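Chains as they are written, first to last, in the numbering used here: chain C, 3 to 246; chain V, 2 to 376.
Structure follows, in structure tokens:
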């Protein structure tokens, strides 16, 4: 297997490190969940892995390239190979869902309009938003916005998709739909997916592996079953406080 | 960095059937080659069937699926056929992502100009009604606050007075001084030709007190304060903060609008008064330099010529301007819908509506006062 994401002795945070001594490897074709309670640094790590927050120490390698040592153009090219679905959806409020999803294709490729339209139609259908393409983000529900954000993150069929809390705050039916969509992306398009989540149902349904963050570091790593059975106090509390 | 496996197509002809052998990855960066090949073959008259052989294809993403799906439909329309050969399971999985073709959407009824005018009129009427309701609500709540039946958020008026007034002192002062100087220059040059140079003080005094000070202060406050009110309230609306206030049982008009209107009611006349004196000082400087007119003679003429009625006219207008700016910003901010772009639109509209209304009201004041004075 090929390592798509590698971190070595990474420290990330804003002024003070939120996480330190982070070593992790994510292989092609995996669905990996970054787990942990609120404020443990999941989203901070995600921002550092996606080029949005330079590390305080250590190195991030994507597709074998050291992300923060590349010049701007090379980094942009590398980042085109990943897709990001943000926690707050980050859709452009002045554009319709169709235009939001088509934006990366229109800006970064020279594909004919017909092909762009067909790809957008496919992605909208895939996330269950067919027929809503002409709506503005303000005129659809929170769950629909999250799904549109997922469609935009996947429009270039990236090799690696990062999703920050894709099912947080959604009803169970919509959440299951998003879980299934993520698995389809992996199975049909061969994507590697990194999900930040504290929704255990999502994690159990889709993740091949979990990386548990707590107290400023990676606390445990392994299959979800291994983590559920962990004797580590922080890991045990995370999984079992929710089921009692 | 891995790049897609080198793509390519080779064409094999078997009578009226053309086989397109695809090699390498069919993904976003490489799909155009297949798209071009299929379009070219689709346009050839002697081709009845196009077979796409994916046996040598690597990764097939949704751009590849989209190109093949579009080619299939285009060939179908011209009575031809597209067939796929040697699909691997991963290619089949990619094709399963494609939704079934949709029937063409029914054409939308075009909106006639009369319907457009009607819809526009209704929208303006609804907006005016909402503005009227906001004004009434603000007056009612302000009266309730005045008789201490309701409370205003502690310290909010003071904070707004500082932000709207103290921070605008320099810009209003500078503009007023320059405006007074400009009027002084124009007056001195023209009046001197008729031997009426000393009358420049009359001109500067009356112009600044009755017209220019209220107007320049209102325009500065529109740009600084009116736009800020619209942007602030619009952002709060878009971020559901105003819904949160309503849901908590806190009246957003009392909490957000009344303090801003009250602050503007103090700030605009105060700045206007300051502007009047600084503008006159600008004119005085010009008169002393160009006409050799002493400051005391200049001020004596001002005291003789500019009446309390002129001050009342200027200050009275400034109250109206303050309310125009405050209510336009509050109304458009509170009625923002959508996201960041809507906040920008609300801010722009506030400036345009406020400046337009201020000029119209100023013209009305000038017309009315002239009739009252000289009829």
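No residue lacks a Cβ here, since even glycine has one placed at the ideal position from N, Cα and C.
It should be emphasised that the depicted structure is a prediction, and the values quoted were computed from it without experimental measurement.
Contact with chain V is absent for residue 176 of chain C, since none of that chain's Cβ atoms lies less than 8 angstroms from the residue's Cβ.
Counting along the chain, no beta strand (DSSP E) covers residue 69 of chain C, and no H or E run does either.
For the pair residue 229 of chain C and residue 94 of chain C, the Cα-to-Cα distance works out to about 38 angstroms. Residue state for residue 216 of chain V is assigned as helix, using DSSP reduced to three classes. Rounded to whole angstroms, the separation of the alpha carbons of residue 27 of chain V and residue 201 of chain C is 35 angstroms. Beta-bridge partners assigned by DSSP to residue 198 of chain C: C:36, C:166. Apart from sequence neighbours up to five positions away, the residues of its chain that approach residue 165 of chain V with a beta-carbon distance below 6 angstroms are 226, 264, 268, ordered along the chain.
If you look at residue 48 of chain C, you'll find it in the alpha helix (DSSP H) that goes 44-51. 338, 339, 340, 341, 342, 343: these are the residues of the segment 325-347 of chain V whose beta carbon lies less than 8 angstroms from some beta carbon of chain C, given in chain order. A direct Cα-Cα distance of roughly 49 angstroms separates residue 162 of chain C from residue 113 of chain V. Chain-order list of chain V residues neighbouring residue 123 of chain C: 100, by C-beta distance under 7 angstroms. Per DSSP, the continuous alpha helix (DSSP H) segment holding residue 304 of chain V begins and ends at 296-306.
The three-state reading of DSSP puts residue 208 of chain V in helix, counting H, G and I together. Among the residues facing chain C, residue 130 of chain V is not included, as its CB has no counterpart in that chain under 8 angstroms away. Between the segment 333-344 of chain V and the segment 212-225 of chain V there are fewer than three inter-stretch CB-CB distances shorter than 8 angstroms, so the stretches are not counted as touching.
The beta carbon of residue 112 of chain C falls within 8 angstroms of a beta carbon belonging to chain V, placing the residue at that interface. Within 10 angstroms of the beta-carbon of residue 279 of chain V lie 16 or more other beta-carbons, which makes it buried. Secondary structure at residue 361 of chain V: helix, using DSSP grouped into helix, strand and coil. Contact between the segment 173-181 of chain V and the segment 230-246 of chain V is absent: fewer than 3 CB-CB pairs across the two stretches fall below 8 angstroms. Straight-line spacing of the CA atoms in residue 106 of chain V and residue 133 of chain C works out to 10 angstroms. Taking a cut-off of 8 angstroms for Cβ pairs, the segment 135-150 of chain V and the segment 192-200 of chain V do not touch, as fewer than three such pairs fall below it. Annotation note: the segment 123-191 of chain V contains the following uninterrupted alpha helix (DSSP H) runs of length 4 or greater, listed N- to C-terminal: 157-165.
Between the alpha carbons of residue 39 of chain V and residue 72 of chain V lies a gap of roughly 7 angstroms. Put simply, the CB of residue 70 of chain V is near chain C, with a gap under 8 angstroms to one of its CB atoms.
Around the C-beta of residue 76 of chain C, fewer than 16 other C-beta atoms lie within 10 Å, and the residue is accordingly described as exposed. DSSP, read as helix, strand or coil, puts residue 8 of chain C in strand. Residue pairing by DSSP puts residue 25 of chain V in a beta bridge opposite V:58. Contact annotation, residue 176 of chain C with residue 28 of chain C: C-beta distance approximately 26 angstroms; criterion of less than 8 angstroms not satisfied. Interface residue (Cβ-Cβ distance to chain C less than 8 angstroms): residue 64 of chain V is classified as such. By the Cβ test, the segment 31-45 of chain V is in contact with the segment 110-122 of chain C, since at least three Cβ pairs between them sit closer than 8 angstroms.
Nearest CB-CB separation between residue 29 of chain V and chain C: below the 8 angstroms threshold.
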